[in-house]
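Going by this note's numbering, the sequence shown opens with residue 18, and the numbers climb by one from there.
Positions of the beta carbon are idealized from the N, C-alpha and C atoms, including for glycine.
To start, the structure under review is shown below, and the notes come after it.
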Amino acid sequence: MAKILEIPGAAETIRYFAGAADKIHGATLKMSRELHGYTLREPIGVVGHIIPWNFPSQMFVMKVGPALAAGCTMLVKPAEQTPLSALYYAHLAKLAGIPDGVLNVVTGYGYSAGAAISSHMDIDKVSFTGSTEIGRLVMQAAATSNLKSVSLELGGKSPFIIFNDVDVDNGEICVAGSRVFVQEGIYDEFLVKLVEKTKTWVVGDPFDPNVHQGPQVDKKQYERILSFIEHGKREGATLLTGGNPCEGKGYYIEPTIFTDVADDMIIAKEEIFGPVISVMKFKTVEEVIKRANATKYGLAAGIMTNDLNIANTVSRSIRAGVIWINCYFAFDRDLPYGGYKMSGFERDMGLESLDKYLQLKSVAMPIHNSPWL
């Protein structure tokens, strides 16, 4: 995935924001007869980026790109599990002519380097992507230091909703959401097809192009996923497939499907961040909207239906920052990405992502014969 999608996508993201640098404009204001006014959009200052280990290349450029276009200097702290990509991109930036001191990378642990960035008095903005729990700590540190501005892209528990009118054999139905809601008319058929597909899922060496799923990033994440699987079994969910470590060395886990999952179970509420999905049956549109919204998160959601009315109704009713209709995990440089509720605020990607790295300045001046003169 990194070679085919992430690295080429990172290059396209940099090109996109390079083209955005001259699209930052203020506005002329219609004021009273005695005053002329306009606004300026200026760089917010020094930005601290704290990025996670998933998609480390894309995360780097989607933070750095708009901040550079806005005219900011910055400090980037990559996840301790994946520092090399950030260091290499900083090397490429230097070769490309970025002046010393504009783009800086600091490696280290979150509790030390991340905490220092969040609380530093000379940093004007923190842009953080990671867990909701750490996002709280970032906000607290920002508030107790210099009240720096904070942007958060946090956890999710994204619903993927499949309605009766879709073709279960359609190859475009790629299950990527961690909560899969399937309407009762196709539920049984869908499960059969899903299990068949899961049996063909190849787990192994991520450098092998035929592999679908590689290892977990480290032992901590590996054990965390296995603990969620145990929670699901203890709470009474049915383990349909997987649920075990793969044979051999490495932090590999079998693709895991749970059914008979209640909305109040831990595996239905908390972000697992691993190869585990919960498949749940629903009857009506109203029911699935209520259940899809019944978590503290609101990052993304997917809808599969041929009914345009259902697609529009559900997409407007789901409290999530991104809705995919008849697709999933579809990204574009122009499409802003971010969450509702405890999935964070402000947006990455799109021209909207420039806003968080800019400040608005208002300028007023008297005109001829003004009483202000």
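Whether residue i touches residue j by CB criterion (9 Å)
i    : j    : result
V199 : K298 : yes
G43  : T56  : yes
K5   : A130 : The question about residue 5 has no answer, for the chain in this structure spans 18 to 390.
I134 : V122 : no
M282 : E252 : yes
I306 : I270 : no
F207 : I178 : no
A317 : A337 : yes
S166 : V143 : yes
G54  : E170 : no
K40  : L368 : yes
I246 : I284 : yes
T146 : I21  : no
G152 : Q238 : no
L85  : I115 : yes
8 Å contact criterion, which residue i and residue j should meet: CB distance rounded
i    : j    : result
E288 : S168 : With 8 Å as the limit, E288 and S168 do not qualify as a contact, their Cβ atoms being about 19 Å apart.
R58  : L352 : The pair is not a contact, with the Cβ atoms about 22 Å apart (cut-off 8 Å).
A19  : S74  : 7 Å
I242 : V197 : Their Cβ separation, rounded to whole angstroms, is 17 Å, which puts I242 and V197 out of contact at 8 Å.
S195 : S295 : 7 Å
A309 : V278 : Between V278 and A309 the Cβ distance is about 13 Å, and since that is not below 8 Å, they are no contact.
V212 : D141 : Incorrect: roughly 52 Å between the Cβ atoms, too far for contact.
L92  : A107 : At roughly 11 Å, the Cβ-Cβ gap does not stay under 8 Å, so L92 and A107 are not in contact.
K300 : E201 : 6 Å
Terminal residues of the alpha helix (DSSP H) in which residue i lies
i    : result
P176 : Element bounds for P176: not the alpha helix (DSSP H) but the beta strand (DSSP E), P176 to I179.
K298 : Run containing K298: none in the alpha helix (DSSP H); it sits in the beta strand (DSSP E), V293 to F299.
Q157 : T149 to T161
H42  : From DSSP, H42 is part of no alpha helix (DSSP H); its letter is neither H nor E.
K214 : Y204 to K216
I422 : Because the chain here runs from 18 to 390, residue 422 falls outside it and cannot be looked at.
F245 : K236 to R251
L112 : L101 to A113
V143 : No alpha helix (DSSP H) holds V143; the beta strand (DSSP E) holding it covers K142 to T146.
E304 : V302 to A309
I284 : I283 to K286
Chain-order list of residues whose beta-carbon lies under 7 Å from that of residue i (same chain, five-residue window excluded)
i    : result
A328 : I320, T322 and I342
D182 : T322, N323 and D324
N227 : V219
S148 : L171 and G172
M138 : S162 and N163
V302 : I327, T330 and V331
K358 : K313, Y314, G315 and R336
Contacts around residue i, its chain only, beta-carbon distance under 6 Å, and the 5 residues preceding and following it disregarded
i    : result
A87  : P60, L371, Y374 and L375
S136 : A158 and S162
W70  : A96, Q98, T99 and V234
A381 : L52 and G54
S360 : L171, G173, Y314, G315 and L316
G403 : There is simply no residue 403 to check, as the chain begins at 18 and stops at 390 in what is shown.
Y33  : R350
L393 : Absent from the model: residue 393. The displayed extent of the chain is 18 to 390, so no value can be given.
P223 : G231
T45  : Y55
K286 : T312
Limits of the unbroken beta strand (DSSP E) element including residue i
i    : result
A381 : L375 to P383
R50  : Where R50 is concerned, there is no enclosing beta strand (DSSP E), given that its DSSP letter is neither H nor E.
Q200 : R196 to Q200
G401 : The chain is shown only over 18 to 390; residue 401 falls outside these bounds and no answer can be derived.
T30  : Segment I24 to A35 is the alpha helix (DSSP H) holding T30; no beta strand (DSSP E) there.
F77  : Here F77 belongs to no beta strand (DSSP E); instead the alpha helix (DSSP H) covers P73 to A87.
E170 : S166 to E170
L92  : T90 to K94
I274 : T273 to T276
L257 : T255 to T258
Below-9 Å beta-carbon distance, residue i vs any chain C residue
i   : result
P95 : Absent from the structure: chain C. Only one protein chain is present.
Close Cβ partners of residue i (< 8 Å) along its chain, the five nearest in sequence each way excluded
i    : result
H229 : W218, V219 and V220
T215 : T258, G259, P272 and I274
T30  : Q75, V78, M79, G82, R350 and M366
F348 : G26, Y354 and M366
G118 : T90
S102 : P73, S74, F77 and P95
Cβ-heavy atom distance, residue i to the ligand SAH, below 8 Å
i    : result
Y314 : Only the bare structure without any ligand can be found here, which leaves the ligand SAH out of the picture.
For the region 319–356, which segments carrying the alpha helix (DSSP H) assignment without a break, of at least 4 residues, lie completely within its bounds, in sequence order? 325–334
Enumerate, from N- to C-terminal direction, the unbroken alpha helix (DSSP H) stretches of 4 or more residues contained entirely within the region 115–139. 132–136
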